[in-house]
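Visitor:
Protein chains: 2
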Amino acid sequence: MNRILIAEDERRIASFIEKGLKAHGFTPTVVDDGAAALGHALSGDFDLVVLDIGLPRMDGFTVLRRLREAKGAIPVIILTARGSVSDTVAGLEGGADDYMPKPFRFDELMARIRLRLRTERSPEMTMLQQGTLTLDLRTRRASVEGRTVDLSAREFALAEVFLRNPGQVLSRGQLLSHVWGYDFDPESNVVDVYVRYLRKKLGQARIETVRGMGYRLAT
Amino acid sequence: MNRILIAEDERRIASFIEKGLKAHGFTPTVVDDGAAALGHALSGDFDLVVLDIGLPRMDGFTVLRRLREAKGAIPVIILTARGSVSDTVAGLEGGADDYMPKPFRFDELMARIRLRLRTERSPEMTMLQQGTLTLDLRTRRASVEGRTVDLSAREFALAEVFLRNPGQVLSRGQLLSHVWGYDFDPESNVVDVYVRYLRKKLGQARIETVRGMGYRLAT
DNA sequence: AGCGCACATGAGAGGACTCTCATGGCCGTG
DNA sequence: CACGGCCATGAGAGTCCTCTCATGTGCGCT
Chain X
-6 MNRILIAEDE RRIASFIEKG LKAHGFTPTV VDDGAAALGH ALSGDFDLVV LDIGLPRMDG
54 FTVLRRLREA KGAIPVIILT ARGSVSDTVA GLEGGADDYM PKPFRFDELM ARIRLRLRTE
114 RSPEMTMLQQ GTLTLDLRTR RASVEGRTVD LSAREFALAE VFLRNPGQVL SRGQLLSHVW
174 GYDFDPESNV VDVYVRYLRK KLGQARIETV RGMGYRLAT
Chain G
-6 MNRILIAEDE RRIASFIEKG LKAHGFTPTV VDDGAAALGH ALSGDFDLVV LDIGLPRMDG
54 FTVLRRLREA KGAIPVIILT ARGSVSDTVA GLEGGADDYM PKPFRFDELM ARIRLRLRTE
114 RSPEMTMLQQ GTLTLDLRTR RASVEGRTVD LSAREFALAE VFLRNPGQVL SRGQLLSHVW
174 GYDFDPESNV VDVYVRYLRK KLGQARIETV RGMGYRLAT
């Protein structure tokens, strides 16, 4: 449905984004150098570009500049290194629509992409619902059977992944990369612990264990 | 420039919003009952409505429904009581564009209003700059003279008010209501303390004291 | 110059949050 | 039924954040 171009040369990050997008029903294409990125972006086959700044052959800034010179109006989200504010500012002034500082959680990128693809006057998606469970994406609060529950930032991010994939089994690895980012210790049992926190707040039965696989939101 | 309708019967809150909007260059109009709200909203004289749900004569839901029935496409932001998730959901499904749970900080409302008034394809304002000081509205980070500095949520909100009003003297009261909300103890010296924190992180001279008046961002 | 008020500052209480670690329990298989 | 692995759980360390309070300092006015 929505075709997204990923211009990123670090394999690990490119694959991280690619997998995430596929899981959300997008059909991403990955290229790993600037020249290819520009060509694809101008082809008209894509609806949005995720553009790394540090690309070989032609850096992201140049790609962006040429793209805009050629009147390509496609939305561009740039990926910048943490702390390089000047790059970020330059990118936005150079015509980028948004940016993500590395390292990032996949879900943050997803939110940015949604924002840019969203059609006019569609009320911004601010509430997620599944049965009697509601998540308010802005106030970081949930409500279950009418009760209002405060969630911490982490708890909320985790709950959001479940709500966006109701009934689907999510592995610890998936949850870890969605909620904790691609840089987190894969040995940790944080996911278990936070699932417990959520169960305590949302109700034990709300999240089911699928032995050997992961967890799943009850539907 | 942008005409905003405030439909709110609690005087204190209406005035809180009104003052804030005026300070930001808007020209708000206040009405305190639902019938008047509907009339004004349909008049075509306004660009956005801030609509309280609990209005006398005709409640917010009804106003909203009638407005949409009459094909009024004006953006509507509803104000809901804290914890009333069902009201919020109903409001959004009833055609509201966004919502604010009470009590809220003025700046949060402002951000919502900006979002709704923003014109197509204008890159979302995500960075504020003043000289060598930059605020990244998304990552909650600042950068001064190239250095990157992490700010806490409160520090950041305070810094944002200064950055949005460079050179202007801001009273403790203004800062309190912007950053802490209209419900906060006006006797507290939190503002002083947080100004200190900011000075420590951003540089002493960056925020000037105007004796008897308040504080000001150095330009 | 001296006074009074406004502002600056240090210290710390209290709480929330995130994550680790160790242990205990249970499921499913052989 | 016994075992091994997977999962659940409790406890707690370390950190950060927010705000209050008491006291120090200095500005500006008379």
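Here the protein sequences come in this chain order: X and G. Oh and the first sequence: position 144 is 137 in this note's numbering, straight run, nothing missing. Oh and the second sequence: position 82 is 75 in this note's numbering, straight run, nothing missing. Quick reminder that beta carbons are idealized off the backbone N, C-alpha and C, glycines included. Note that the structure is predicted; figures quoted are calculated from it, not measured.
#1: Have a look at glycine 124/G and threonine 202/X and give me their C-alpha separation to the nearest angstrom.
#2: Among the residues of its own chain, which have a CB less than 6 Å from the CB of alanine 30/X, if the five just before and after it don't count?
#3: Just confirm the distance between the C-beta atoms of glycine 160/G and arginine 209/G, as a whole number of angstroms; I'd bet it's less than 8 Å.
#4: Quick one: residues in its chain with C-beta nearer than 7 Å to the C-beta of arginine 114/X, no 5 flanking neighbours on either side, listed in chain order?
#5: Taking Cβ positions only, does methionine 120/X come closer than 7 Å to chain G?
#6: Taking glutamine 167/X as part of the alpha helix (DSSP H), name the residues at either end of that continuous run.
#7: I want to know whether the region 119 to 137 of chain G touches the region 88 to 96 of chain G - three or more CB-CB distances under 8 Å.
#8: Here's the rule: buried if 16 or more other CB atoms are within 10 angstroms of the residue's CB, otherwise exposed. What is valine 43/G?
#9: Mind listing which residues of the region 149 to 182 of chain G have their C-beta closer than 8 Å to chain X's C-betas, in chain order?
#10: Please classify arginine -4/X: does DSSP put it in a helix, a strand, or coil?
#11: Per DSSP, glutamate 201/X is paired with what?
#12: To test your reading of the DSSP string, which unbroken beta strand (DSSP E) runs of 3 or more residues are found completely within the region 135 to 198 of chain G?
#13: How is the beta strand (DSSP E) around aspartate 45/G delimited, first residue to last?
#14: Any idea what DSSP makes of glutamate 113/X, helix, strand or coil?
#15: Based on Cα-Cα distance, which residue from Arg5/X, Met120/X and Thr132/X lies nearest to leucine 102/G?
#16: Rounded to whole angstroms, what is the Cα-Cα separation between leucine 156/X and alanine 16/X?
#17: Can you name the residues of chain G whose CB is closer than 9 Å to the CB of aspartate 143/X?
#18: For a contact meaning CB atoms closer than 8 Å, what does threonine 81/X contact in chain G?
#19: What is the DSSP secondary structure of methionine 103/X, counted as helix, strand or coil?
#20: Given a threshold of 16 other Cβ atoms within 10 Å of its Cβ, counted over all protein chains shown, does threonine 81/G qualify as buried or as exposed?
#21: In whole angstroms, what separates the C-alpha of glutamate 180/G from that of leucine 169/G?
#22: Could you list which residues in chain X have their beta carbon closer than 8 Å to that of threonine 132/G, in chain order?
#23: Please name the residue or residues paired with isoleucine 6/X in a DSSP beta bridge.
#24: Verify the CB distance criterion: does valine 186/X have a CB-CB separation below 7 Å to chain G?
#25: Going by CA-CA distance only, name the one from Arg199/G, Arg5/G and Gly27/G that's closest to valine 137/G.
#26: Ordered along the chain, which non-local residues of its own chain (more than five positions away) have a Cβ less than 7 Å from that of phenylalanine 177/G?
#27: Bridge partners of valine 24/X, per DSSP?
#28: Since leucine 130/G is in the alpha helix (DSSP H), which residue starts that stretch and which ends it?
#29: Tell me which residues share the same chain as valine 142/X and place their Cβ nearer than 8 Å to its Cβ, disregarding the 5 neighbours each side in the sequence.
#30: Can you give me the C-alpha to C-alpha distance between serine 77/X and lysine 64/G, rounded to a whole angstrom?
#31: Alpha carbon to alpha carbon, how far is alanine 66/X from alanine 211/X? Give it in angstroms, no decimals.
#32: Whole alpha helix (DSSP H) runs in the region 59 to 91 of chain G with 4 or more residues, listed along the chain?
#33: Name the one or two DSSP bridge partners that leucine 121/X has.
#34: Give me whichever residues DSSP pairs with methionine 93/X in a beta bridge.
#35: Closer than 7 Å, CB to CB, is serine 136/G near chain X or not?
Guide: Short version:
#1: 53 Å
#2: Ala0, Val24 and Val56
#3: 6 Å
#4: Since pLDDT at arginine 114/X reaches only 48, below the 50 mark, its modelled position is unreliable, and no value is offered.
#5: yes
#6: 165 to 168
#7: no
#8: buried
#9: none
#10: strand
#11: Arg209/X
#12: 140 to 143
#13: 41 to 45
#14: Low per-residue confidence applies at glutamate 113/X: pLDDT is 46, beneath 50, and the placement is therefore not dependable, though the value from the model is reported in the following sentence. In the structure shown, glutamate 113/X sits in coil (DSSP, three-state: anything other than H, G, I, E or B).
#15: Thr132/X
#16: 14 Å
#17: In chain order: nothing, as chain G lies at least about 10 Å away.
#18: Met120 and Asp129
#19: helix
#20: buried
#21: 10 Å
#22: Pro94
#23: Answer is none; isoleucine 6/X lacks a bridge partner.
#24: no
#25: Arg199/G
#26: Leu169
#27: Ala0/X
#28: Run containing leucine 130/G: none; DSSP gives neither H nor E here.
#29: Arg134, Ala135, Ser136, Lys194 and Leu195
#30: 47 Å
#31: 42 Å
#32: 78 to 86
#33: Leu128/X
#34: Leu72/X
#35: yes
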